[in-house]
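Participant: Got a structure for you, questions after.
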Amino acid sequence: MHPVSDIFRPRTKRQLSLAQLINLIKDEVNMNAQRTIHKRHHVEARARDFRTHDADFAQWAAGYGVIEHEPATQCRVHALADELVATGRYGSRTDVFALFRAADMISSAGMWLVAHMTYAQSVYLDGRPLDSQEFKSNPEGHTGGALNMVPAYTGYLLANSLSGETRSWVMGQGHCVAAIDAVNVLVNNLSEAQASHYGLSDEQLSKLVTDFYSCEIGADGRPLSPLGSHVNATTAGGMIEGGYLGFAELLYPHMPLPDEKLVAFLSDGAFEEQRGSDWAPRWWRAEDTGLVAPIMIANGRRIDQRSSMAQDGGTDWFAEHLKLNGFDPISLDGRDPASFAWGVLQIESRLSACSEAIKRGEAEYPVPLHYGVAETVKGFGFPGAGTNRAHNLPLGANPRDDETARELFNTAARKLYVPLEELNAAANALNNHKEVARPKERDHPMVAREPIEPRYPNPRWDRTNKPSSPMEAIDAYAAELFALNKDVRIRVGNPDEMRSNRMNATLDLLKHRVTAPEPGIAEAVDGGVITALNEEAVICAALANKGGISLAVSYEAFAVKMLGAIRQDLIFTRHLKESGKSRFWLSMPLITSSHTWENGKNELSHQDTTLSEALLGEMSDTCRVQFPADWNSALAMIDAVYKSRGEFWNIVCPKRAVSSVFSRQEAERLCADGAIRVSGSGQESLILAAIGAYQLEQTLKAAERLERSGMSHSIVYIAEPGRFRFPRDEIEAEACVSQALVEELFPPHAQARVFAVHTRAEAMSGCLRPLDTGARRSAFLGFRNRGGTFDVSGMLFANGMTWAHIVERACHVSGKRVETCLSKAELEIVRGVRAPTMEFWK
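When we follow the numbering used here, the leftmost residue of the sequence shown carries the number 1, and every step to the right adds one.
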């Protein structure tokens, strides 16, 4: 039979008729269907033969409760058992299939417990049915997804037991955390915070289910329950919250170090989110990254409807999509923990073979990244499976009030129930950690890393006092840091404008990561710079590199697209800090340059201060927003970033040459204190405060005019405004400056204050509320959303940020007549009556 692609080619000199074409297509479809049927019959026959001749295999293959094993999975597992015995990993097939049976029991009990976490407030290990009063008044839970994750997570545990090694895991669909918590309590893999509350007794499991979505709050405003609606700092082995779908797909190819293995659980709903996940094969290199096993839980549904994948053609369509994008799709049964375990081991085996072929020179990057597609129905194992209501409350009514729903729950629970004696035996079988000297999954390698101790360069401080580019200072430092630490994995996230942002030395050292380098361009197969016109993808490449040294650089306006990924990382990091857990990784800077005030030529779309404003809303002890004013202050900040741990820094940095203001000692003090007095003694009644290089430049010019007019004043430069806020909790209070420093820089008697700031004035005035003396005495000048094809001067004037505007405001808050400081012509320029002249800018 000819391939389908040949059908539309003429078979003779005469073109085929439409009827002939239709008949040819029908023949092809029928032939393919026959091949599929023949292959299925062959697999079924093989599985039947295995069951006939192998009692241990047959016992497992019979399934357990709602868990059944398809013939294809049976054949795969049979071959895997042969391999495990042949390689000496296990002494007999009996030992192997004992583990597979154990996984079935844990998976069934896990689904049983997940259903209780949604609906019940009592749990009985004897499996008795629940009466109406033992159900919650307000059931809640992402039940369908959590039910689907139970066999997936159990399969991950099974793979670890079979191979005798503990892998790391990450789950993109964080709302399915009930599956993780339920299985963890069954196999005694709880975090320290959870282990003190939960365990295998009626009382402890009842507390588990009542704590789930309890929403109880303590006097300090924090939740009392160590459970969350998503993965959190108390989830054993958790690394990301997974609250914003799509980011795990961008993180996983950059997460494991070469000696680590990672299983990434993904969702078909998230497939519709961040499309940069299609590029994972482009980035993965065996030389600097461990084995990754991405597995999608393809249940075909979002919250209210079918997923786009299901509407486009289901998993068959997705498999073709994966092939087109450099993946090797592997079909799995999403209802069977054995299929997941086989999939993990198979994916790793194939990827290892590819990397070995590359070492031998027999293959090239990109390798086909092997990808498991685990097909299931949403909410498998419980009533309502496959419907829209499976997402949250699959029964359609509350069993506490509805007899039909109560009967549905109890009937389904009976099918999933596992007697305690069998449950304990199953958990013990999977928990072979001591026998093979491997860590428990709660302590998997990626959460238990030793902190790296990098070698640091000596900063090249500027002593010339000549105008220079602060971005070039950062570039010089970063390039030297990376060159000194070639044994550490480097990730630089770049959305395409690295040279424009003056990061030339870093790019020339590390090079763009590509699969086919172009001659004469800074490209390499093993390049450390991840470049794509997709801000989400490149920031995730840097954020994922917790085991190395990371940096990201972007135009300020476009970095806004990174915010979702950054905030997800910040949330989880802050929770770790609150719980006292290690944040071992080096802090990471996002350098936002080509910024609002110097990027006028590209229209208002390129002029946006939103990111720094949003990040100033995060907790200042974890998220630090910095505004260097010159070479030395930028150098002090980039040096400080990499000498701290577990923090995220946004450094809003000019790329154009700006005046040198600070000496080395002043720059280091500015970085340490967050602000510094530039001029004056502190006795003056007027304070001019600047945030941003161009704002300081205009403030200094304004100061000259005020001085000539006889108005005494001091100038304060604020580099890290977040440290001057009212702290929102005791942890943030430790990062905020002392009251003594506030009063030194902003003495109470100096009530007249003008703040010239890089951001929108409203956002910064809220952050600096402790420094604000009221609308009559304090004025804030900032970005007014005015822009266009302007130069720096045009941007400053359009937004009321020139030296003259600062002088006018200084007079207003000081109660002075502005005419004593500005000429009539200058006043008309400030008030928008006439355009600024060349003389105005001198």
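We put the beta carbon where it would ideally sit given N, CA and C, even for glycine.
#1: Which of the three DSSP states is assigned to N650 in this structure?
#2: Given that a residue counts as buried once 16 or more other Cβ atoms are within 10 Å of its Cβ, and exposed if not, what is N148?
#3: Give the secondary structure of A756 by DSSP, where H, G and I count as helix, E and B as strand, and everything else as coil.
#4: Provide the residue span of the alpha helix (DSSP H) that contains F100, from first to last.
#5: Which residue marks the beginning of the beta strand (DSSP E) containing R574, and which one marks its end?
#6: Could you give the first and the last residue of the continuous alpha helix (DSSP H) run that contains I295?
#7: Taking 7 Å as the cut-off, decide whether the C-beta atoms of Y124 and P139 are in contact.
#8: With a threshold of 16 other CB atoms inside 10 Å of the CB of R282, please say whether the residue is buried or exposed.
#9: How should P470 be labelled, buried or exposed, when 16 other C-beta atoms within 10 angstroms of its C-beta is the threshold for buried?
#10: Measuring alpha carbon to alpha carbon, tell me which of R360, T315, I691, V367 ends up nearest F327.
#11: With distances taken between CB atoms, is the gap from T845 to S660 smaller than 7 Å?
#12: What is the rounded straight-line gap between the Cα of I858 and the Cα of C176?
#13: Compare the beta carbon distance of V813 and A756 with 7 Å and say whether it is the shorter of the two.
#14: CA-CA distance, G692 and R567?
#15: Assess contact between the segment 584-599 and the segment 627-642, defined as three or more Cβ pairs (one per stretch) separated by less than 8 Å. Is contact present?
#16: Determine the contact status of A429 and V187, defining contact as a CB-CB distance below 7 Å.
#17: Going by DSSP, which residues form a beta bridge with H370?
#18: In angstroms, rounded to a whole number, what distance separates the CA positions of V529 and A476?
#19: Taking only three categories from DSSP, how would you classify D268?
#20: Would you mind stating whether V492 and L551 have Cβ atoms separated by less than 7 Å?
#21: So, under 8 Å CB-CB, P454 and N485 are touching, yes? Tell me the CB distance rounded to an integer number of Å.
#22: Looking only at DSSP bridge pairs, what is V554 linked to?
#23: At the level of alpha carbons, what is the spacing between L158 and A341?
#24: In the DSSP assignment, what are the bridge partners of W169?
#25: Suppose you measure from the CA of E68 to the CA of A45; what does that come to, to the nearest Å?
#26: If you draw a straight line from the alpha carbon of L245 to that of M795, how long is it in whole angstroms?
#27: What does the alpha-carbon distance come out to for the pair P10 and W317?
#28: Of all the options E287, F572, F726, G269, which has the alpha carbon lying nearest to the alpha carbon of V525?
#29: Below 8 Å, how does it come out for the segment 783-801 and the segment 726-741: are there three or more Cβ pairs, yes or no?
#30: Return the CA-CA distance between A413 and G199, expressed in angstroms with no decimal places.
#31: Check whether the segment 351-365 and the segment 398-409 are in contact - that is, three or more C-beta pairs closer than 8 Å.
#32: Just list the residues that DSSP pairs V514 with in beta bridges.
#33: Short check: CB of R499 to CB of E472, under 7 Å?
#34: Among S685, T210, E497, Q173, whose alpha-carbon lies nearest the alpha-carbon of E134?
#35: Could you check how far apart the C-beta atoms of G844 and K415 are, in whole angstroms? I think they sit under 8 Å.
#36: Use the C-beta contact count for L250: other C-beta atoms within 10 angstroms, 16 or more gives buried, fewer gives exposed.
Facilitator: Answer, in terms of the structure:
#1: Reading the sequence shown from its first residue, position 650 is the one you call residue 650. In this structure, N650 counts as strand in the three-state DSSP scheme.
#2: Stepping through the sequence shown from its first residue, residue 148 is reached at position 148. Buried, since its Cβ has 16 or more Cβ neighbours within 10 Å.
#3: Translated into positions along the sequence shown, residue 756 becomes position 756. Strand, per DSSP.
#4: Mapped onto the sequence shown, residue 100 falls at position 100. Segment 93-119, the alpha helix (DSSP H) holding F100.
#5: Along the sequence shown, one-based indexing puts residue 574 at 574. That residue, R574, is in no beta strand (DSSP E); its alpha helix (DSSP H) goes 563-578.
#6: In the sequence shown, counting from the first residue as 1, residue 295 sits at position 295. From DSSP, I295 is part of no alpha helix (DSSP H) but of the beta strand (DSSP E) over 291-298.
#7: Position 124 of the sequence shown, counted from the start, is the residue given in the question as residue 124. Position 139 of the sequence shown, counted from the start, is the residue given in the question as residue 139. No. Outside cutoff.
#8: Position 282 of the sequence shown, counted from the start, is the residue given in the question as residue 282. Burial call: buried.
#9: Residue 470 sits at position 470 when you count from the first residue of the sequence shown. Counting Cβ neighbours within 10 Å, P470 comes out buried, since at least 16 surround it.
#10: The residue given as residue 327 occupies position 327 in the sequence shown. Taking only the C-alpha atoms, the option nearest F327 is V367.
#11: Residue 845 lies beyond the range of the chain shown here (1 to 842); nothing can be said about it.
#12: For the chain, the structure presents residues 1 to 842; residue 858 sits outside this window and is missing.
#13: On the sequence shown, residue 813 is found 813 positions in, with the first residue counted as 1. On the sequence shown, residue 756 is found 756 positions in, with the first residue counted as 1. No, the pair does not count as a contact, with Cβ atoms beyond the cut-off.
#14: Translated into positions along the sequence shown, residue 692 becomes position 692. Translated into positions along the sequence shown, residue 567 becomes position 567. Distance between the alpha carbons of G692 and R567 is about 23 Å.
#15: yes
#16: Numbered from its first residue, the sequence shown carries residue 429 at position 429. Numbered from its first residue, the sequence shown carries residue 187 at position 187. Taking 7 Å as the Cβ cut-off, A429 and V187 do not qualify as a contacting pair.
#17: Locating residue 370 in the sequence shown gives position 370, where the first residue counts as 1. Note: H370 sits in a beta bridge opposite D328.
#18: Residue mapping note: residue 529 aligns to position 529 of the sequence shown, counting from 1. Residue mapping note: residue 476 aligns to position 476 of the sequence shown, counting from 1. Roughly 16 Å separates the two Cα atoms.
#19: On the sequence shown, residue 268 is found 268 positions in, with the first residue counted as 1. When DSSP states are grouped into helix, strand and coil, D268 belongs to the coil group.
#20: Here residue 492 refers to the residue found at position 492 of the sequence shown. Here residue 551 refers to the residue found at position 551 of the sequence shown. Annotated as proximal: V492 and L551, with beta-carbon spacing under 7 Å.
#21: The residue you call residue 454 lines up with position 454 of the sequence shown. The residue you call residue 485 lines up with position 485 of the sequence shown. Yes, they are in contact, since the Cβ atoms of P454 and N485 sit about 5 Å apart, within 8 Å.
#22: In the sequence shown, counting from the first residue as 1, residue 554 sits at position 554. In the sequence as displayed, the identity of residue 554 is Ser instead of Val. The partner list for S554 (beta bridge, DSSP) reads T592.
#23: In the sequence shown, the residue the question calls residue 158 occupies position 158. In the sequence shown, the residue the question calls residue 341 occupies position 341. Cα to Cα, L158 sits roughly 6 Å from A341.
#24: The residue labelled residue 169 in the question sits at position 169 within the sequence shown. DSSP output for W169 lists V263 as bridge partner(s).
#25: Within the sequence shown, residue 68 is the residue found at index 68, counting from 1. Within the sequence shown, residue 45 is the residue found at index 45, counting from 1. Looking at the two C-alpha atoms, the distance is approximately 17 Å.
#26: Sequence index remark: in the sequence shown, residue 245 carries index 245 (1-based). Sequence index remark: in the sequence shown, residue 795 carries index 795 (1-based). When rounded, the distance between both Cα atoms is 38 Å.
#27: Here residue 10 corresponds to residue number 10 of the sequence shown, with the count starting at 1. Here residue 317 corresponds to residue number 317 of the sequence shown, with the count starting at 1. Its pLDDT being 40, under 50, P10 is placed unreliably by the model, and the measurement read from it follows with that caveat. Answer to the nearest angstrom: the Cα atoms are 28 Å apart.
#28: In the sequence shown, residue 525 corresponds to position 525, counting from 1. Checked all of E287, F572, F726, G269; the closest Cα to V525 is E287.
#29: no
#30: Indexing the sequence shown from 1 puts residue 413 at position 413. Indexing the sequence shown from 1 puts residue 199 at position 199. About 20 Å.
#31: no
#32: Counting from 1 along the sequence shown, the entry for residue 514 is found at position 514. DSSP lists no beta-bridge partner residue for V514.
#33: What you label residue 499 is simply residue 499 of the sequence shown in a count that begins at 1. What you label residue 472 is simply residue 472 of the sequence shown in a count that begins at 1. The answer is no: Cβ separation not under 7 Å.
#34: Position 134 of the sequence shown, counted from the start, is the residue given in the question as residue 134. Looking at the Cα atoms, T210 is the closest of the given residues.
#35: Nothing can be reported for residue 844: it is not among the residues displayed for the chain, which extend from 1 to 842.
#36: Residue numbering aside, residue 250 sits at position 250 when the sequence shown is read from its first letter. When all chains shown are included, L250 counts as buried.
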